[in-house]
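**Q** Questions regarding the structure given below will be posed in turn.
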Amino acid sequence: MTFMKRKGVSPVIATVVLVAVAITIAVAVSYWMSGISSQYTQFEKIEVTSAHCKYYDDLETDWNGTYFTGSESGWVITIDFRNTGTTQATIINAFINSMKIEDYDSDAITAWTSKDGEIIQFSTGDKVSCNPGSNDTIYLVIEEVPVDFTSGTTIEASLHSGAGNTYMKMITLS
1 MTFMKRKGVS PVIATVVLVA VAITIAVAVS YWMSGISSQY TQFEKIEVTS AHCKYYDDLE
61 TDWNGTYFTG SESGWVITID FRNTGTTQAT IINAFINSMK IEDYDSDAIT AWTSKDGEII
121 QFSTGDKVSC NPGSNDTIYL VIEEVPVDFT SGTTIEASLH SGAGNTYMKM ITLS
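Just so it is clear: in the sequence shown, position 114 is 114 by this note's numbering, and no numbers are missing.
Have a look at this one:
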């Protein structure tokens, strides 16, 4: 019987090979999973820390930082926010009552940032970036004449981020 003369791998060696293959696969899967999890655990989270509104009879002279050509009266909405997420947050647009600010009359509503005091024109691609753990401020300036708002009206001011999140705050015009 030639069948009995064949020799196989001993059970000890087979067990060692099986354990080595299992450990190798486990290590590969753990590296793969850690790469996927780190990719999905980075998130942006903006917290609006305060939002308030003030009315000015003469925006050009009463509110520091504007350069309006006329002496329009209107409101300045100050939105202070903090990035409590783990990655940089980028504000790409601002809305009032679910309408983009640039969809209002061209000069009726403008946005400013406290970083450099420049006008933000979201329609031309301007963005406001906020690193994790840092604070920033956006001012929404609403001129009274072309916009049909009145004091006492509650409006919805919201910031829209590049990640698709919307951060909304209800504000009563003073």
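Beta carbons: idealized from backbone N, C-alpha and C, even for Gly.
1) Let me check understanding here. Comparing Cα to Cα, which of ILE155, ASN83, SER98 lies closest to ILE91?
2) Buried or exposed: which applies to GLU72, given that a residue is buried once 16 or more other Cβ atoms fall within 10 Å of its Cβ?
3) On the premise that ILE46 lies in contact with TYR167, defined as a C-beta separation below 8 Å, what is that separation, rounded to the nearest angstrom?
4) Is it true that the CB of ALA89 sits closer than 8 Å to the CB of GLU44?
5) With DSSP as the reference, label SER34 as helix, strand or coil.
6) Smallest Cα separation from SER50: which of ASP80, VAL29, VAL21, PHE149?
7) Got a sec? Which residues, its chain only, sit under 6 Å from ILE142 by beta carbon, not counting five neighbours each side?
8) So is THR78 in contact with chain B if we call contact Cβ pairs under 8 Å?
9) Excluding the 5 residues flanking SER134 on each side, which residues of the same chain have their C-beta closer than 8 Å to its C-beta?
10) Closest to VAL128 by CA distance: which of SER151, GLU144, SER161, GLY152 is it?
11) Rounding to the nearest angstrom, what Cα-Cα distance links ILE101 and ILE171 in this structure?
12) Is it the case that the Cβ atoms of PHE95 and SER158 are separated by a distance below 8 Å?
13) Assign ASN93 to one of two classes, buried (16 or more other C-beta atoms within 10 Å of its C-beta) or exposed (fewer than that).
14) Label ILE13 either buried or exposed according to how many other C-beta atoms from any shown protein chain fall within 10 Å of its C-beta, with 16 as the threshold for buried.
**A** Quick answer:
1) Closest by alpha carbon: ASN83.
2) Its Cβ being crowded by 16 or more others within 10 Å, GLU72 is buried.
3) Contact between TYR167 and ILE46 holds: CB atoms are separated by about 5 Å, below the 8 Å threshold.
4) For GLU44 and ALA89, yes; Cβs fall inside 8 Å.
5) Helix at SER34.
6) With distances taken between Cα atoms, SER50 lies closest to ASP80.
7) Cβ contact annotation for ILE142 (same chain, cutoff 6 Å, sequence separation greater than five): GLY74, TRP75, ILE109, in chain order.
8) Here chain B cannot be found, since the structure has a single protein chain.
9) So the qualifying residues of the chain are ARG82, ASN83.
10) Comparing Cα positions, the closest option is SER161.
11) C-alpha separation (whole angstroms): 15 Å.
12) Yes, these two residues count as a Cβ contact at 8 Å.
13) The Cβ neighbour count for ASN93, taken over all protein chains shown within 10 Å, is at least 16; the residue is labelled buried.
14) Label assigned to ILE13: exposed.
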